[in-house]
Amino acid sequence: MESTVIEKLIALAEPVARAEGCSLFDLELKMGKGSSILRVYIDKNGGVGVEDCANVSRQLGFLLDTEDVIPGAYTLEVSSPGLTRALKKPSDFQKAQGKLAAVTSRAGGPGGAGGKFVGIIETAEEGKVALRLKTGELITLAMTDIKKANLEIEPGI
78 MESTVIEKLI ALAEPVARAE GCSLFDLELK MGKGSSILRV YIDKNGGVGV
128 EDCANVSRQL GFLLDTEDVI PGAYTLEVSS PGLTRALKKP SDFQKAQGKL
178 AAVTSRAGGP GGAGGKFVGI IETAEEGKVA LRLKTGELIT LAMTDIKKAN
228 LEIEPGI
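Residue numbers (this note's numbering): 78 to 234.
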């Protein structure tokens, strides 16, 4: 049931975000007994402002109340994905090329081992991510082996 609800939520949220000049970055639904929390992450070139979040929240909230997609009471939170945003889809890794990231992988590191690697994303294509480690070593990880990845704040910025 939850995947059907998520699909409906995405179908409602994407056009609302687009109408505000944003894109839907991610969406999380935490279902609870008494109430649920819907977190909607929007993004746009130049960054997301408070007004963008407020406008999307207002419009999406109206649609959610009208369509009654989430059973029971819910809280809607709309925000940007932040500076240390999660990287989940191939397009996230492609947009992050040239940026510092922390990647936790099941395999693919030095000697084929998994672990946590921090480095600059050099390329992201054909299901693989090439990461330049601080040591200068270039490792290539299969996206299917990546358990978790997010951007890191570069020191001195």
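Even glycine gets a Cβ: it sits at the ideal position worked out from N, Cα and C.
- Query: Per DSSP, what kind of secondary structure is Asn132 in: helix, strand or coil?
  - Reply: helix
- Between the CA atoms of Asp142 and Leu160 - distance to the nearest angstrom: 31 angstroms
- Message: Taking the alpha carbon of Glu202 as the reference point, which residue from Gln171, Leu164, Gly109 has its own alpha carbon closest?
- Response: Nearest C-alpha to Glu202: Gln171.
- Whose CA, out of Leu218, Thr200, Glu214, Lys176, lies closest to the CA of Asn227? Lys176
- Message: For Asp169, count the other beta carbons within 10 Å of its own beta carbon; 16 or more makes it buried, fewer makes it exposed. Which is it?
- Response: buried
- At what residues does the beta strand (DSSP E) containing Lys172 begin and finish? Run containing Lys172: none in the beta strand (DSSP E); it sits in the alpha helix (DSSP H), 167 to 172.
- Task: Could you please give the first and the last residue of the uninterrupted beta strand (DSSP E) stretch that includes Val195?
- Result: 190 to 202
- Query: For Asn132, does the count of other Cβ atoms within 10 angstroms reach 16, so buried, or fall short, so exposed?
  - Reply: Asn132 is buried by the Cβ-count criterion.
- Task: Taking only the alpha-carbon atoms, compute the straight-line gap between Ile147 and Asp129 and give it to the nearest angstrom.
- Result: Ile147 and Asp129: Cα-Cα distance of roughly 23 angstroms.
- Between the Cα of Ser220 and the Cα atoms of Gly196, Ala184, Arg162, Ser100, which residue gives the shortest distance? It should be pointed out that residue 220 corresponds to Met in this sequence rather than to Ser. The shortest Cα separation from Met220 among Gly196, Ala184, Arg162, Ser100 belongs to Ala184.
- Item | Beta-carbon gap between Thr81 and Ile114 smaller than 8 angstroms | no
- Task: Closer than 8 angstroms by C-beta to Leu140: which residues in its own chain qualify, once you throw out the five before and the five after it? Chain order, please.
- Result: Leu89, Val93
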